[in-house]
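Below is one structure; the comments refer to it alone.
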Amino acid sequence: MIRIAITQAAFEAIAATLPSGNVLYERERTPHGGYFVWLERAAVNNLERLRGPRDEDISAVIVRLFGEHAANEQIVELMDIVDGE
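Using the working numbering, read the sequence shown as starting at 278 and increasing by one per residue.
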């Protein structure tokens, strides 16, 4: 697993979608109030692959996918990778 920093909005989008306890995060917050979370390398690679045409950061990808389209098949693909490792 690797540690990444995401915005508070991205954290809330993930936490609202996944079952309780499935988001590994640290109590320490980023300087801008975000979170440090731990994800499998495959999940991070997938999030990077799903960036929009303007090279969104990972937080923007998370908000777009988890916030707007919780049943989106890209999320299913992302979670299948995480669950499969």
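All C-beta atoms, glycine included, are put in the ideal place defined by N, C-alpha and C.
Strand pairing of A282, partner residues [DSSP]: In DSSP, A282 forms a bridge with F313.
Close Cβ partners of T307 (< 6 Å) along its chain, the five nearest in sequence each way excluded: A282
Chain-order list of residues whose beta-carbon lies under 6 Å from that of Y302 (same chain, five-residue window excluded): Y312 and V314
Spatial distance of L327 from I291 (CA atoms): 16 Å
Cβ pair L316, I279 closer than 8 Å: yes
Counterpart residues of L301 in DSSP-defined beta bridges: W315
Sequence-distant residues of the same chain with beta carbon closer than 8 Å to E305, five excluded per side: F313
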